[in-house]
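Peer 1: Got a structure for you, questions after.
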Amino acid sequence: MVKQGLLWVLRILVGGLFIFSGLIKVNDPVGTSIKLEEYFDVFSNDIAGFFYYFKPFALYIAVFLVVLEVVLGVMLILGVKSRFTVWSLAGMILFFTFLTFFSAYFNKVTDCGCFGDAIKLTPWESFYKDLILLVLISILFLFQSDLPKSSPKWANFSVLAVAIGSLVLSIVAIRNLPFIDFRAYKEGVNIEQDMLPSAPLVYDYIMKRGEETLVFEQYPSDETLEFVEMKLKNPEALPKISDFSAWNENGDMSAEMFQGNKLVLLISKYAKLDYDQFGQIDSLFDALGSAPIEVVVMAAATQEEIDRLIADRGWNALGVQADATVVKTMIRSNPGIMMLKDGVVLSKYHVNNTPSADETLNLFLK
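Quick note: the sequence shown uses the working numbering, first residue 15, plus one each step.
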C-alpha cells in the first residue's frame, strides 16, 4: 500500500512537470524550434554534420516534442499504457539530459529552453533538474510492473482529446502569436527604460596577495594585489533588455527608435520572406499616408537588401539593421509588426493579423 502511494506521488510529480513544461512550449512552438536550430547548429559542428539537415524541419520536430511532452504526462497520471509511457519518458529524459549536459559542460547553448521563456534556468540548473527527473523516472521504470495494467475508456479518450487539443493550440500559436508573451519585449514594456539597471550595480572585487584571497567592496588601490575577478552582488538589478540595437549607414539608430510613434516591420529571415504576404502590409502603409506615425523596416539583413525592399514596395519608411536573435525575440513572425510609442510596446501582430489603418491610428492616437 505504501509503495503504491509513493508511485502515485511520483506519477503526479513527473507527469505534472512534463505537462507544465509541454504546455509552456505549446504556447510558443516557434521559440522551441529556434532553440532546436541552435542545438542542430552546435551538433553539426561538434558531433556530426548530418544534424544540419534537421534545421529545415525544426518547427515540425518542435511541435511533435511539445505535444508528446503533454500527452505522456497525462498518460502517466491517468495510467494509460503505463509500460509504453514509462519507456517513452525514459527515452525523452535521457535525450534531454544529454542536451543539458552538453550545453552546460561545453557552454554551447546557454539556455536550454526547458520551460520556454517563462522560467529561465542556467545550463547547469537545467542539467540538475533533468538528473532529478532521471532518478524519479528510473524508479517508475524499475517498478513499472506495479503501475496500472489497464485504463478506463474515459482515460483513453482524455489522452486523445489532450493530444488533439495540444496540436491545435500549437498550430494556432504558430499561425498567430503566442497566447502569453513571456519575453522581454512583451506589450507594455518600455524598451529604453528596461535597458537600464533597476538599481546601481554593486560588485565584490576578488583579489589575491600570494596564496591569500581577499574580497573588497571597492576596487583597492594597493598595486601589490593581483586582480582575480569581480562578482555582481545584486544580479536582480541587471537590465531586463541588454541586446537591443538598431543601426544603418547613419550610425546607431537605437535612440531614434524610442522617439515618437513607430510602426516597426520586423524581419528576422530576409531570405525566407513570402512576398505574397505583403499585400495587407502595402495597403496599411499606403493608408497611413501623412499620419504622425513613422514606418520603420527593422531587419536582420544587409542595408542594401533593406533599402531594395523599401524601394521595390514603394514604402515611405526608414530602414535599419538589427541582430536576427533580437528580432526573433521581439516577435514570432517573419515578417511581423510591432507598434512603439516613445519606446513603449503598444501592440504586436503576426503578419496573418496585419491591422487596418483605422485600428493602427486608434492605437496610437487614443
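Glycine included, each C-beta is placed from N, C-alpha and C at the ideal position. Given the structure is predicted, the values throughout are model-derived calculations rather than measurements.
Whose C-alpha, out of Pro369, Lys254 and Thr316, is nearest the C-alpha of methionine 209?
Peer 2: Nearest C-alpha to methionine 209: Lys254.
Peer 1: Cβ of isoleucine 151 within 8 Å of Cβ of leucine 103?
Peer 2: Yes, they are a contact pair.
Peer 1: Inspect the beta-carbon positions of glycine 333 and isoleucine 345 and report whether they are closer than 8 Å.
Peer 2: The answer is no: Cβ separation not under 8 Å.
Peer 1: Where are the beta strand (DSSP E) runs, 3 residues long or more, that stay fully inside the segment 284-320, in chain order?
Peer 2: Counting whole runs of 3 or more residues, the segment 284-320 contains the beta strand (DSSP E) stretches 308-313.
Peer 1: What does the alpha-carbon distance come out to for the pair leucine 174 and glycine 105?
Peer 2: Leucine 174 and glycine 105: Cα-Cα distance of roughly 21 Å.
Peer 1: Using 10 angstroms around the beta-carbon of glutamate 83, count the other beta-carbons present and answer buried if the total reaches 16, otherwise exposed.
Peer 2: By the 10 Å Cβ count, glutamate 83 comes out buried.
Peer 1: Rank Phe292, Met244 and Met312 by C-alpha distance to the C-alpha of asparagine 367 and give the top, closest one.
Peer 2: When each option's Cα is compared against that of asparagine 367, the closest is Phe292.
Peer 1: Output needed for lysine 167: all residues of its chain with C-beta closer than 8 Å, excluding positions within five of it in sequence on either side, in chain order.
Peer 2: Contacts found: none.
Peer 1: Can you check whether the CB of leucine 86 is closer than 8 Å to the CB of threonine 99?
Peer 2: Closer than 8 Å, so yes.
Peer 1: Nearest-angstrom Cα distance between leucine 280 and glutamate 263?
Peer 2: Using only the alpha carbons, I get a separation of about 18 Å.
Peer 1: Which ranges does the alpha helix (DSSP H) cover as unbroken runs of at least 4 residues, wholly within the segment 160-245, from first to last along the chain?
Peer 2: Counting whole runs of 4 or more residues, the segment 160-245 contains the alpha helix (DSSP H) stretches 167-189 and 205-208.
Peer 1: Quick one, are the C-beta atoms of glycine 93 and serine 184 less than 8 Å apart?
Peer 2: Against a cut-off of 8 Å, the Cβ pair of serine 184 and glycine 93 comes out as no contact.
Peer 1: Using the three-state DSSP reduction, which class does asparagine 275 fall into: helix, strand or coil?
Peer 2: In this structure, asparagine 275 counts as strand in the three-state DSSP scheme.
Peer 1: Going by CA-CA distance only, name the one from Ser268, Thr339, Ser304 and Glu319 that's closest to leucine 287.
Peer 2: Checked all of Ser268, Thr339, Ser304 and Glu319; the closest Cα to leucine 287 is Glu319.
Peer 1: Taking valine 84 as part of the alpha helix (DSSP H), name the residues at either end of that continuous run.
Peer 2: From DSSP, the alpha helix (DSSP H) with valine 84 extends over 72-92.
Peer 1: Quick check: the segment 35-54 against the segment 189-197, are at least 3 beta-carbon pairs closer than 8 Å?
Peer 2: Contact holds: three or more Cβ-Cβ distances are below 8 Å.
Peer 1: With 16 as the cutoff for other CB atoms within 10 Å, does glycine 29 come out buried or exposed?
Peer 2: Flag for glycine 29 reads buried.
Peer 1: Measure the beta-carbon distance from aspartate 385 to alanine 313 and round it to whole angstroms, keeping in mind my assumption that it falls under 8 Å.
Peer 2: For residue 385 there is no data in the structure shown, the boundaries of the chain being 15 and 380.
Peer 1: Compute the distance between the beta-carbons of methionine 352 and phenylalanine 378, then report whether it is under 8 Å.
Peer 2: Their beta carbons are not under 8 Å apart, which means methionine 352 does not touch phenylalanine 378 by this criterion.
Peer 1: Assuming valine 340 and glycine 350 make a contact with CB atoms under 8 Å, what is their CB distance in whole Å?
Peer 2: Contact doesn't hold; Cβ gap of about 13 Å is too wide.
Peer 1: Using alpha carbons as the reference points, say which of Thr227, Met89, Val186 and Phe272 lies closest to glutamine 207.
Peer 2: Considering only alpha carbons, the answer is Phe272.
Peer 1: Considering only DSSP beta bridges, list what serine 361 is partnered with.
Peer 2: In DSSP, serine 361 forms a bridge with Met353.
Peer 1: Which residue comes first and which comes last in the beta strand (DSSP E) that contains leucine 384?
Peer 2: Any property of residue 384 remains undetermined from this structure, which presents the chain solely from 15 to 380.
Peer 1: Measure from the C-beta of lysine 286 to each C-beta in chain D and report whether the shortest distance is under 8 Å.
Peer 2: As a matter of chain content, chain D is missing from the structure shown, which is built from one protein chain.
Peer 1: According to DSSP, leucine 280 sits in a beta bridge with which residue or residues?
Peer 2: Bridge partners of leucine 280: Met312 and Gly350.
Peer 1: State the DSSP-derived secondary structure class of aspartate 131, mapped to helix, strand or coil.
Peer 2: Aspartate 131 falls in the coil class under three-state DSSP.
Peer 1: Report buried or exposed for isoleucine 61, applying the criterion of at least 16 other Cβ atoms within 10 angstroms of its Cβ.
Peer 2: By the neighbour-count rule (16 or more Cβ atoms within 10 Å), isoleucine 61 is not buried but exposed.
Peer 1: Please report the Cβ distance between proline 137 and valine 80, rounded to the nearest whole angstrom; I am assuming they are in contact, meaning their Cβ atoms lie under 8 Å.
Peer 2: 20 Å between Cβ atoms; not a contact.
Peer 1: By how many angstroms is the C-alpha of tyrosine 233 removed from the C-alpha of proline 249?
Peer 2: Looking at the two C-alpha atoms, the distance is approximately 19 Å.
Peer 1: So, using beta-carbon positions, are aspartate 131 and glycine 45 closer together than 8 Å?
Peer 2: Cβ distance < 8 Å, so aspartate 131 and glycine 45 count as in contact.
Peer 1: Following the continuous alpha helix (DSSP H) through threonine 136, name the residue where it begins and the one where it ends.
Peer 2: Segment: none, threonine 136 is in no alpha helix (DSSP H) and carries neither H nor E.
Peer 1: What are the start and end residues of the alpha helix (DSSP H) that includes glycine 45?
Peer 2: 43-60 is the span of the alpha helix (DSSP H), which, as asked, contains glycine 45.
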